[in-house]
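The structure appears right after this line, and notes come after that.
Protein chains in written order, with our numbering: chain A, 1 to 179; chain B, 180 to 936.
Here it is in structure tokens:
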């Protein structure tokens, strides 16, 4: 099943390689915005929130010039009625429960794999920017194509994490779903 | 084209209906078309909007993540809507993310794209700009451009259909109206054609075929009815003319025949025979005259030439006149004739006195004529039922009666109850026709009820006009009872008057002279006005009889000339004309009286006598006989309490009152006495001495003439008192005169006479 799930093919993807980047800051601004946007098209199970007042946590594992944008997001946006909390850490021992976890490409492969394994069943939207991220069990993976930030989605993985992904996102995410 | 200038009724009707249905169709057409145009556009906008919204809904993620490929894919759905020529997705900065262009379209994204909702571009495209919101955040916008081809196309085809239907409906309506107008125009055309034909050919037997039950039907029926009436009256006229010519020929034949006999046999016949012949000639001439008068009257009424002059008229006076004239004839036949007023009688009514007299005379003389036994009773009263008061006079006779089937026709000219009537009773057959027309002209009508062998009742009703301020009286009765056959009545005799007769007709001159001389007057003749004036100026005549139509100088001029010279003697006009205007003319010229030709002997003598009633000129011996006893006449007018009541012995005239002729004179005097005394009282109150003196002067003369010599002295005294302004004397003598008046009575013919008030 995993293998099947990993069989995403898109024209754009085959064309692209994470090589063309206009501007790093711009790239991470977009990614930061997207991280927020994802919250709109994903449904977390009720168990992901203790109370209605609990904030929505966006976690960032690793280095990335994403602080400013995320700060803006945190300050100005909400997820539904919830306020947003940003949690950045370099060491996974510092991990706290997030709703969205962005693992940057600065983290080594093994660590990424381990983390992914660990969080296999947690209702966390695992977002990465490393090729094979989706293979390892990630749900959304950023890539650059034609100077633009794109992403791919692994719906099977999302299901494993008990997350429901809106069809609109799937359409954009260029994922040829398993079903 | 004549169709345009003079459209027929048919064309008008059709045009009217078509105009109506045309307008209706046009208006409803316009309404539908406008409505369709408006909703068509609105629908197009709404459709486009809903599509835009759907697109917006689906593109939130696309715009959030600015996924161009996905955007393109999404926009492909626009292909399904053929009118959308251009569509695009704009990001939150208003930058183009992806666009869609229909095949071959040249559309571009306009520069001023930031508007809300929809608008129409200059080149007639519908443009839509919808913001894309994800929850409450605007992530971008949808912009669409659509052509209105579809809308216009649909509208055009709608317009075509509506027009076609309307035109079709119009023609169907035209067809219907052409068919339906026939129901109106066909009878109308028939009527028109028939009328034209009747007018052209003078054929009054043509009739219009009966039509439907509407107004046209009524018109046709009325038209036919009118033609019926024309035919009837033509036939009647034919009959009448035939009758008339027969009626006229009969007396003329008699006149000619007997005149011829006289000339031929002349000396060889006896005086008795000669007198017989002469009587016949005379009566035939009279009959002819009355026939001609009646025919003239009838034709005048029929052609509306008879003027009715309405004035205050005393109804009881007229009735009394009629009765007094016919009393003689009734007396001769031994039948009763009386008139009774029932209830209150108006003192005067608004009507034409001469015509009313003619009418009543006709009916009463008919009644007398057709009654052999019993009598004629006249009942008169004022009918005040509903708001329209009418004078009702019923003439009830016990004569031969009229057969029930003839009752309706007797009012037709020349119809008498049966053909033998003329032979037995004479008459012209026009009397009732004239009477009815007079009655109608006076605002009423005549009705008849009859039973053969029992008698007939004619009921005349006439309008009385305005009754404001008219006094109501208890009417006296004019009364004539059955009495013994009268002895031949002597002609009125005249005092020895000097009479001048100015008349150019020789026969008339002779006739008048004989009458006057037989009556005791001296007559001087003049051939024309000129000679008449000369004679009159040279010699003091008592009265002049002036013919108005003469050569050299006519009566009007002569009279005027004499009056200019200061002659105040009575001048009585003689004229052949009988119209109202004529009398006025004569009076205007200065005449004191007026007689129409042919001359009625009695009337002539009476007029002359009346005109010359002057004190001192009359002799007292007019053949008087002692009067008989009787009861006093009731007063006509109310009096004040100062007068003494009439309880003393009655005073009778010294004239023979059982001689009807003289009785009349006395009656007339008594009437006049009453009114003159009233006038005296009035003048006394007004202190008008001159007028009072004049009245006293009259009384002085006429009292004696009428056989009341006892009035002469008080009247003279009164006159003197007036001239001396002796108010005590005036009052005393006036009282004396009144006292005498109260005692004056008229004896009855019979002890069983009825007098009621």
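For each residue, glycine too, the CB sits at the ideal point set by N, CA and C.
State the DSSP-derived secondary structure class of residue i, mapped to helix, strand or coil.
{"i": "residue 520 of chain B", "result": "strand"}
{"i": "residue 36 of chain A", "result": "helix"}
{"i": "residue 45 of chain A", "result": "coil"}
{"i": "residue 560 of chain B", "result": "strand"}
{"i": "residue 416 of chain B", "result": "helix"}
{"i": "residue 633 of chain B", "result": "coil"}
{"i": "residue 638 of chain B", "result": "strand"}
{"i": "residue 352 of chain B", "result": "helix"}
{"i": "residue 139 of chain A", "result": "coil"}
{"i": "residue 772 of chain B", "result": "strand"}
{"i": "residue 681 of chain B", "result": "strand"}
{"i": "residue 1012 of chain B", "result": "One cannot answer for residue 1012 of chain B here, as it falls past the ends of chain B, which runs 180 to 936."}
{"i": "residue 579 of chain B", "result": "coil"}
{"i": "residue 331 of chain B", "result": "helix"}
{"i": "residue 310 of chain B", "result": "strand"}
Cα-Cα, which of the options is closest to residue i?
{"i": "residue 643 of chain B", "options": "B:715, B:566, B:582 and B:634", "result": "B:566"}
{"i": "residue 373 of chain B", "options": "B:349, B:347, B:400 and B:394", "result": "B:400"}
{"i": "residue 147 of chain A", "options": "B:849, B:254, B:246 and B:505", "result": "B:246"}
{"i": "residue 25 of chain A", "options": "A:68, A:157, A:170 and A:94", "result": "A:68"}
{"i": "residue 866 of chain B", "options": "B:904, B:842, B:855 and B:854", "result": "B:904"}
{"i": "residue 517 of chain B", "options": "B:323, B:488 and B:555", "result": "B:555"}
{"i": "residue 901 of chain B", "options": "B:916, B:855 and B:876", "result": "B:876"}
{"i": "residue 113 of chain A", "options": "A:29, A:133, A:60 and A:161", "result": "A:133"}
{"i": "residue 568 of chain B", "options": "B:622, B:551, B:531 and B:610", "result": "B:622"}
{"i": "residue 438 of chain B", "options": "B:464, B:770 and B:420", "result": "B:464"}
{"i": "residue 119 of chain A", "options": "A:93, A:85, A:106 and A:144", "result": "A:93"}
{"i": "residue 430 of chain B", "options": "B:447, B:397, B:403 and B:470", "result": "B:470"}
{"i": "residue 116 of chain A", "options": "A:63, A:108 and A:126", "result": "A:126"}
{"i": "residue 240 of chain B", "options": "B:230, B:228 and B:253", "result": "B:253"}
{"i": "residue 916 of chain B", "options": "B:892, B:906 and B:280", "result": "B:892"}
{"i": "residue 243 of chain B", "options": "A:78, A:40 and A:87", "result": "A:40"}
Who are the near neighbours of residue i in its chain, counting only those whose CB is closer than 6 Å to its CB and skipping five residues on each side?
{"i": "residue 235 of chain B", "result": "309, 311 and 321"}
{"i": "residue 870 of chain B", "result": "862"}
{"i": "residue 729 of chain B", "result": "683, 707 and 708"}
{"i": "residue 490 of chain B", "result": "none"}
{"i": "residue 356 of chain B", "result": "193 and 196"}
Rounded to whole angstroms, what is the Cα-Cα separation between residue i and residue j?
{"i": "residue 99 of chain A", "j": "residue 318 of chain B", "result": "23 Å"}
{"i": "residue 167 of chain A", "j": "residue 238 of chain B", "result": "11 Å"}
{"i": "residue 578 of chain B", "j": "residue 628 of chain B", "result": "12 Å"}
{"i": "residue 908 of chain B", "j": "residue 649 of chain B", "result": "35 Å"}
{"i": "residue 557 of chain B", "j": "residue 501 of chain B", "result": "11 Å"}
{"i": "residue 788 of chain B", "j": "residue 782 of chain B", "result": "10 Å"}
{"i": "residue 544 of chain B", "j": "residue 505 of chain B", "result": "7 Å"}
{"i": "residue 406 of chain B", "j": "residue 387 of chain B", "result": "10 Å"}
{"i": "residue 392 of chain B", "j": "residue 481 of chain B", "result": "34 Å"}
{"i": "residue 57 of chain A", "j": "residue 170 of chain A", "result": "23 Å"}
{"i": "residue 104 of chain A", "j": "residue 141 of chain A", "result": "10 Å"}
{"i": "residue 220 of chain B", "j": "residue 298 of chain B", "result": "12 Å"}
{"i": "residue 780 of chain B", "j": "residue 773 of chain B", "result": "14 Å"}
{"i": "residue 161 of chain A", "j": "residue 72 of chain A", "result": "28 Å"}
{"i": "residue 560 of chain B", "j": "residue 739 of chain B", "result": "45 Å"}
{"i": "residue 389 of chain B", "j": "residue 368 of chain B", "result": "13 Å"}
{"i": "residue 894 of chain B", "j": "residue 791 of chain B", "result": "19 Å"}
Can you give me the Cβ contacts of residue i inside the same chain, cut-off strictly under 7 Å, excluding the 5 residues immediately before and after it?
{"i": "residue 727 of chain B", "result": "733, 734, 735, 752, 753, 754 and 765"}
{"i": "residue 688 of chain B", "result": "680, 682 and 704"}
Leaving aside the five residues before and after residue i along the sequence, list all residues of the same chain whose C-beta is less than 8 Å from its C-beta, in chain order.
{"i": "residue 826 of chain B", "result": "Confidence in residue 826 of chain B is poor, its pLDDT being 44 and thus under 50, which makes the residue's placement too unreliable to answer from."}
{"i": "residue 81 of chain A", "result": "52"}
{"i": "residue 580 of chain B", "result": "629, 630, 631, 632, 633, 634 and 635"}
{"i": "residue 477 of chain B", "result": "592, 609, 612, 613 and 616"}
Regarding residue i and the ligand COA, is the C-beta to nearest heavy atom distance less than 8 Å?
{"i": "residue 281 of chain B", "result": "Of ligands this structure carries none, so the ligand COA is not represented either."}
Just list the alpha helix (DSSP H) runs in the stretch 715-767 of chain B, keeping only unbroken ones of 4 residues or longer that don't cross its boundaries, in chain order.
Counting whole runs of 4 or more residues, the stretch 715-767 of chain B contains the alpha helix (DSSP H) stretches 734-743.
Quick check on the DSSP output: what are the complete alpha helix (DSSP H) runs of length 4 or more inside the stretch 463-524 of chain B, in order along the chain?
Counting whole runs of 4 or more residues, the stretch 463-524 of chain B contains the alpha helix (DSSP H) stretches 494-512.
List in chain order: all unbroken alpha helix (DSSP H) runs of 4+ residues lying wholly within the stretch 222-294 of chain B.
239-243 and 247-255
Start-end ranges of the alpha helix (DSSP H) lying completely within the stretch 834-901 of chain B, minimum 4 residues
839-865 and 868-884
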